[in-house]
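Engineer: Following this message is one structure expressed as structure tokens.
Protein chains: 2
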Amino acid sequence: MGCSNEHAALATDVLLKADLRGIDSHGVARLIGYVRLWENKRINARPNITIVHETPTTATIDGDAGLGLVVAPFAMRLAIQKAEQYGSGWVSVRNSNHFGIAGYHTLMAVEKDMIGFAMTNASPLVAPTFSNERLLGTNPMCYAFPAGKYPPVIIDMATSAAANGKLEIAQRLGKQVPEGWIQDKEGDFTTDPHALKSGGSLLPLGSDRDHGSHKGFGLSATVDILSAVLSGANYGPWVPPFVAFLEPPADPVGLGIGHFVGAMRVDGFRPVDEFKSHLDNWISRFKSASTIDADQKVIIPGEPEMEAEADRKQNGIPLVDAVVKDLNWLAEKFGVNPLAP
Amino acid sequence: MGCSNEHAALATDVLLKADLRGIDSHGVARLIGYVRLWENKRINARPNITIVHETPTTATIDGDAGLGLVVAPFAMRLAIQKAEQYGSGWVSVRNSNHFGIAGYHTLMAVEKDMIGFAMTNASPLVAPTFSNERLLGTNPMCYAFPAGKYPPVIIDMATSAAANGKLEIAQRLGKQVPEGWIQDKEGDFTTDPHALKSGGSLLPLGSDRDHGSHKGFGLSATVDILSAVLSGANYGPWVPPFVAFLEPPADPVGLGIGHFVGAMRVDGFRPVDEFKSHLDNWISRFKSASTIDADQKVIIPGEPEMEAEADRKQNGIPLVDAVVKDLNWLAEKFGVNPLAP
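Those protein sequence lines, which keep their order, are chains H and P. Using this note's numbering, read the first sequence as starting at 1 and increasing by one per residue. Using this note's numbering, read the second sequence as starting at 1001 and increasing by one per residue.
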């Protein structure tokens, strides 16, 4: 695409990290999507990322329509620099694109013994409580905390009842989905994973009003406001779609999509070793919690991804045929070697 | 109780704000609970609140076992001061008590054209996904954003499927609750609002694994870690119970309960008028969303509380008999005039 070597290496690192951590929906499977957006001139391969507004601990960045995979790490590096100097740093980002897994960016902070925050808005697929209109993305939020003897605690979650990736899996397998993930265009629960194609929408975390969907809506709104209303990106139904075959809205309210990242030094609050030893105690207590089924322990957030990473570093990353086909199509297009058969 | 006039006035303001905003569970109805904790020497009426650790934009505060109603505003004032100077401020609090409604504290930031954050941990009532053990509080988180012509957007939510106050209402009315709010001690859904008394537990937002209860658990964990692991307060099952008739755990891992508050200047990111005008546009778009039922519009977070405040400022705050009785008992105890009949 013409990315600089530095940007290409960084984007590769973000995508590979997703595959290593078992989040296949956000790894190299997305590469073809980025390329198609670049072909449509919606991704700029050589962005001039700039700081457009700044205080000692806050900033707004314009990503110049670059890959979110390089824009978000730029923002997080700036947040970390500010945190090193002043205790915390917060960066809102406009004019960006899909930033891969939020966990990658928060881990940059964790490696420096900081607490990491990352969120992004996304193409509208989710309806607010009481509505049947797709006005919000699955808008993920991520919080990451460095532990001592245990892996970091990483809460990385879509603010919808189910992430879009889970829906895609059900579509591929021809399976129904649980009630509470999707509604049809009349606003009734449906178990048809294809309901989005006929005017349906994803539901916020909580699924319905009785079970707290107004909270999932509130969390998604928080992500949208911090990422886009604060930075000058598009928000709500104006967020441009990820897929290249859908045109962005003709009446944008901002530039590209938005992210929000932050870093806080643990030792801005208490000595790092004290924090880590108490977080280890927290983890250990929750891991040993009494469980409903003897064979299903409590899962510490971030643990499954860490286990996948250990396994895949050893045994490699399995790719489904469709992804291999896409990658080989890209290899031919760009004149590089195809994957070994 | 011997509070200073300043602290008494502040605590009153926090409680009255809850009643005005229609959050009756967190208003003067709680006064008797605070008094009973004070009688048990678990609340210090004349705390010496101190900053124990600090950077330009972060701090840890020791509340000296004071009323959370005065400790949390102290913390928020410090966060706001830091934000005025450096763009943002973040304060973790230990050795505190119940802080009332989170919305009160975030509104302090909103009044200064800042974005407000507030969260607190609480007595363990909620089980993590896959567990039947009460290890987490309903751990609320609150985000507040100043708008222009509309009231501020305030997301103020328990991270459990239902707040404890809703359960108490069902108990009082002898009603069943929806499936997905509570499980019994075997970990099965129950609709009995009294199930907590026989070893049951509240469920995280999402209710079960299929509907994202691991996300509710993750959010609750985030609140617990930022509020208590970071500050040196008690976390998880060690959080002391709110009710005075239950003893705190004999093996505390910290001091009191914990809060976490923060403030970020809007103009640390973009001019305030630009932000407010786009947030107004966001609100206006969501208010006019297509709805499933013609008579139920999309509710903007914070809107119902603002409407209650307008109504109750005009028409007064209705009190249920039990609360009137408690207040008159307190009036007699402290030698002040009872409520007019």
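Cβ atoms here follow ideal geometry from the backbone N, Cα and C, with glycine treated the same way.
By the three-class DSSP mapping on this structure, what secondary structure does D1156 of chain P have?
Structural biologist: Translated into positions along the second sequence, residue 1156 of chain P becomes position 156. Strand.
Engineer: Kindly list the residues whose CB is nearer than 8 Å to the CB of N40 of chain H, restricted to its own chain and excluding five residues on each side of it in sequence; keep chain order.
Structural biologist: Position 40 of the first sequence holds residue 40 of chain H. If we look at N40 of chain H and ignore the five residues flanking it on each side, its Cβ neighbours are A244.
Engineer: Bridge partners for I1115 of chain P per DSSP, in chain order?
Structural biologist: In the second sequence, the residue the question calls residue 1115 of chain P occupies position 115. Bridge partners of I1115 of chain P: P:M1264.
Engineer: With distance defined between alpha-carbon atoms, name the residue in P:L1173, P:K1175, P:Q1176 and P:L1196 nearest to D1184 of chain P.
Structural biologist: By one-based count along the second sequence, residue 1184 of chain P stands at place 184. Ranking the options by Cα distance to D1184 of chain P, first place goes to P:L1196.
Engineer: Using 8 Å as the threshold, is the C-beta distance between R285 of chain H and P1237 of chain P below it?
Structural biologist: Within the first sequence, numbered from 1, the residue matching residue 285 of chain H stands at position 285. Within the second sequence, numbered from 1, the residue matching residue 1237 of chain P stands at position 237. The answer is yes: Cβ separation under 8 Å.
Engineer: By DSSP, does V1324 of chain P sit in helix, in strand, or in coil?
Structural biologist: What you label residue 1324 of chain P is simply residue 324 of the second sequence in a count that begins at 1. In this structure, V1324 of chain P counts as helix in the three-state DSSP scheme.
Engineer: Counting only beta-carbon atoms, is I1317 of chain P nearer than 8 Å to chain H?
Structural biologist: Position 317 of the second sequence, counted from the start, is the residue given in the question as residue 1317 of chain P. With 8 Å as the cut-off, I1317 of chain P does not count as an interface residue toward chain H.
Engineer: Taking the runs of the alpha helix (DSSP H) that are 4 residues or longer, which of them lie wholly in the stretch 1164 to 1211 of chain P?
Structural biologist: The stretch 1164 to 1211 of chain P contains these whole alpha helix (DSSP H) runs: 1164 to 1173.
Engineer: Cβ closer than 7 Å: which chain H residues qualify as neighbours of V1229 of chain P?
Structural biologist: Stepping through the second sequence from its first residue, residue 1229 of chain P is reached at position 229. Neighbours of V1229 of chain P on chain H, chain order: F275, H278, L279 and W282.
Engineer: Below 7 Å CB to CB, which residues in the same chain sit around I1032 of chain P once its five sequence neighbours on both sides are set aside?
Structural biologist: What you label residue 1032 of chain P is simply residue 32 of the second sequence in a count that begins at 1. Within the same chain, I1032 of chain P has close Cβ partners D1326 and L1330.
Engineer: For the beta strand (DSSP E) containing S231 of chain H, name the first residue and the last one.
Structural biologist: Sequence index remark: in the first sequence, residue 231 of chain H carries index 231 (1-based). Where S231 of chain H is concerned, there is no enclosing beta strand (DSSP E), given that its DSSP letter is neither H nor E.
Engineer: In three-state terms, what does DSSP make of R270 of chain H?
Structural biologist: In the first sequence, residue 270 of chain H corresponds to position 270, counting from 1. In this structure, R270 of chain H counts as coil in the three-state DSSP scheme.
Engineer: Does the distance from the CB of S1227 of chain P to the CB of S1092 of chain P come in under 8 Å?
Structural biologist: Position 227 of the second sequence holds residue 1227 of chain P. Position 92 of the second sequence holds residue 1092 of chain P. A contact, by the Cβ cut-off of 8 Å.
Engineer: Against chain P, with Cβ distances strictly below 8 Å, would A161 of chain H count as a contact?
Structural biologist: As a working note, residue 161 of chain H is residue 161 in the first sequence. So, interface residue.
Engineer: For S213 of chain H, report the span of its alpha helix (DSSP H) as first-last.
Structural biologist: The residue you call residue 213 of chain H lines up with position 213 of the first sequence. Taken as a continuous stretch (DSSP letters only), the alpha helix (DSSP H) holding S213 of chain H covers S213 to D224.
Engineer: Closer than 8 Å is the cut-off here; do at least three beta carbon pairs connect the stretch 94 to 109 of chain H with the stretch 250 to 270 of chain H?
Structural biologist: Yes, they touch.
Engineer: Please confirm whether D113 of chain H has its beta-carbon closer than 8 Å to some beta-carbon of chain P.
Structural biologist: Counting from one through the first sequence, the residue named residue 113 of chain H turns up at place 113. It does not; no Cβ of chain P falls within 8 Å.
Engineer: Relative to chain H, which residues along the stretch 1070 to 1082 of chain P have a C-beta separation below 8 Å, given in chain order?
Structural biologist: Listed by position, the residues of the stretch 1070 to 1082 of chain P near chain H (Cβ gap below 8 Å) amount to none.
Engineer: Would you list the one or two residues that DSSP bridges to Y143 of chain H?
Structural biologist: Here residue 143 of chain H corresponds to residue number 143 of the first sequence, with the count starting at 1. H:F117 and H:I155, per the DSSP bridge assignment.
Engineer: Nearest by alpha-carbon distance to G1232 of chain P: which of H:P271, H:V229 and H:A233 is it?
Structural biologist: For the purposes of this step, residue 1232 of chain P is taken as the residue at position 232 of the second sequence. Nearest C-alpha to G1232 of chain P: H:P271.
Engineer: Using only CA atoms, which one of H:V28, H:H211 and H:G22 lies nearest to D13 of chain H?
Structural biologist: Residue mapping note: residue 13 of chain H aligns to position 13 of the first sequence, counting from 1. Measuring from the Cα of D13 of chain H, the nearest candidate turns out to be H:V28.
Engineer: Quick one, which of P:T1060, P:G1068 and P:I1154 has its alpha-carbon nearest R1366 of chain P's?
Structural biologist: Because chain P is modelled from 1001 through 1341, residue 1366 of chain P falls outside the range shown and cannot be assessed.
Engineer: Since P1301 of chain P meets chain H, which of its residues come closer than 7 Å, beta carbon to beta carbon?
Structural biologist: For the purposes of this step, residue 1301 of chain P is identified with residue 301 of the second sequence, where counting begins at 1. Here the neighbours are G218 and A221.
Engineer: Should V1035 of chain P be labelled buried (16 or more other beta-carbon atoms within 10 Å of its own) or exposed?
Structural biologist: Translated into positions along the second sequence, residue 1035 of chain P becomes position 35. The residue in question, V1035 of chain P, is buried, as its Cβ has 16 or more Cβ neighbours within 10 Å.
Engineer: Return the residue from the list P:A1102, P:R1134 and P:C1142 that minimises the CA-CA distance to Y1235 of chain P.
Structural biologist: Counting from 1 along the second sequence, the entry for residue 1235 of chain P is found at position 235. Comparing Cα-Cα distances from Y1235 of chain P to each of P:A1102, P:R1134 and P:C1142, the minimum goes to P:R1134.
Engineer: Who are T1138 of chain P's beta bridge partners in DSSP?
Structural biologist: Here residue 1138 of chain P corresponds to residue number 138 of the second sequence, with the count starting at 1. Answer by DSSP bridge pairing: none, since T1138 of chain P is not bridged.
Engineer: Let me confirm a value: D1321 of chain P is counted as buried when at least 16 other C-beta atoms fall within 10 Å, else exposed. Which label applies?
Structural biologist: The residue given as residue 1321 of chain P occupies position 321 in the second sequence. It counts as exposed.
Engineer: Tell me, please, whether the CB atom of K1215 of chain P is closer than 8 Å to any CB atom in chain H?
Structural biologist: For the purposes of this step, residue 1215 of chain P is taken as residue 215 along the second sequence, with counting starting at 1. Interface residue, yes.
Engineer: Using a cut-off of 9 Å between C-beta atoms, extract the partners of F1099 of chain P located in chain H.
Structural biologist: Looking up residue 1099 of chain P in the second sequence gives position 99. The contacting residues do not exist; F1099 of chain P stays about 18 Å from chain H at best.
Engineer: What does H7 of chain H pair with, by DSSP beta-bridge criteria?
Structural biologist: As a working mapping, residue 7 of chain H is identified with position 7 in the first sequence. Its beta-bridge partners do not exist; DSSP assigns none.
Engineer: Could you name the residues of the same chain whose beta carbon sits closer than 7 Å to that of I1080 of chain P, not counting the 5 residues immediately before and after it, in chain order?
Structural biologist: Position 80 of the second sequence, counted from the start, is the residue given in the question as residue 1080 of chain P. Around I1080 of chain P: G1089, M1108, A1109, K1112, M1114 and A1263.
Engineer: Below 8 Å, how does it come out for the stretch 1149 to 1159 of chain P and the stretch 176 to 192 of chain H: are there three or more Cβ pairs, yes or no?
Structural biologist: They do not touch, by the three-pair rule.
Engineer: I need the straight-line Cα distance from T1129 of chain P to D192 of chain H, nearest angstrom please.
Structural biologist: Start at 1 with the first residue of the second sequence, and residue 1129 of chain P comes out as number 129. Start at 1 with the first residue of the first sequence, and residue 192 of chain H comes out as number 192. Computed Cα separation, rounded: 26 Å.
Engineer: Whole-angstrom Cβ separation of A1147 of chain P and I1299 of chain P, contact assumed at under 8 Å?
Structural biologist: On the second sequence, position 147 is the one that residue 1147 of chain P refers to. On the second sequence, position 299 is the one that residue 1299 of chain P refers to. Going by Cβ atoms, the distance from A1147 of chain P to I1299 of chain P rounds to 15 Å, so no, they are not a contact pair.
Engineer: Could you check what DSSP says for R285 of chain H in three-state terms: helix, strand or coil?
Structural biologist: As a working mapping, residue 285 of chain H is identified with position 285 in the first sequence. Three-state DSSP puts R285 of chain H in a helix.
Engineer: Using a Cβ cut-off of 7 Å, pull out every chain P residue sitting near S88 of chain H, in sequence order please.
Structural biologist: As a position in the first sequence, residue 88 of chain H is number 88, starting the count at 1. Within 7 Å Cβ-Cβ: T1057, T1058, S1088 and W1090.
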